Amino acid sequence: MMVKKMKSTKKSQLTAEEQALVDAPESEYMDDGQLAFFKNRLIELHDTTRERIRKAKEAMSIAPDLSDLSDRATWEEQCAISMRIVDREQKLLPKIQQSLERIRMGTYGYCLETGEPIGIPRLLVRPTAEFCADVKIFKEMKEHLYRS
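Per the numbering used here, the very first residue in the sequence shown carries number 1; after that it's consecutive.
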């Protein structure tokens, strides 16, 4: 089966290593080299996410001495936004761990629903992807229908 290339992955935006992954033959899909690349990317993503969470929490813990009510309201709104970002990033950490576990188990890069390859371009954009693009689109459409 030929894996579709996503339009958002333009050659000029890719590093040489990423371009080599995209250009690799299908027979090399999720071989040891590709798995090592994504394992390193996921570990790096985990570390940078944890660091962003730490910095955001640290910034929120240092309350400035604001006597002006509008300045205080602005700071509180910024804290609320930061808390939403921290919450979203904290939800990413388990997904990264699950992806690393799928690498260990040998199932990384394959759709959890169909077993088909997710595709290198999609994994470069979202290394925690669990579903191929077609399944994900269908799930999002179904979710949208039930929310309406």
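For each residue, glycine too, the CB sits at the ideal point set by N, CA and C. Here the structure is a predicted model, which means the values were calculated and not measured.
{"Check": "Val-86 to Lys-95 span [Cα, whole Å]", "Outcome": "15 angstroms"}
{"Check": "Limits of the unbroken alpha helix (DSSP H) element including Ser-67", "Outcome": "Taken as a continuous stretch (DSSP letters only), Ser-67 belongs to no alpha helix (DSSP H), as it is neither H nor E."}
{"Check": "Length of the line joining the Cα atoms of Glu-143 and Ile-137", "Outcome": "10 angstroms"}
{"Check": "Where Tyr-146 falls: helix, strand or coil (DSSP)", "Outcome": "helix"}
{"Check": "Pro-94 in three-state terms, based on DSSP", "Outcome": "helix"}
{"Check": "Outcome for Tyr-108 when other beta-carbon atoms lying within 10 angstroms are tallied against a minimum of 16", "Outcome": "buried"}
{"Check": "For Met-83 and Arg-50, the rounded distance between their alpha carbons", "Outcome": "14 angstroms"}
{"Check": "Buried versus exposed, by CB contacts within 10 Å (16 or more), Ser-99", "Outcome": "buried"}
{"Check": "Cβ contact check for the stretch 103-122 and the stretch 70-82: 3 or more pairs under 8 angstroms", "Outcome": "no"}
{"Check": "Glu-89 beta carbon less than 7 angstroms from that of Ile-53", "Outcome": "yes"}
{"Check": "Classification of Pro-127 by the beta-carbon crowding that lies within 10 angstroms, buried from 16 upward", "Outcome": "buried"}
{"Check": "Three-way DSSP call (helix, strand, coil) for Met-2 in this model", "Outcome": "Reliability of the predicted coordinates at Met-2 is poor, the pLDDT of 43 falling under 50, and the value obtained from them is presented with this limitation in mind. Coil."}
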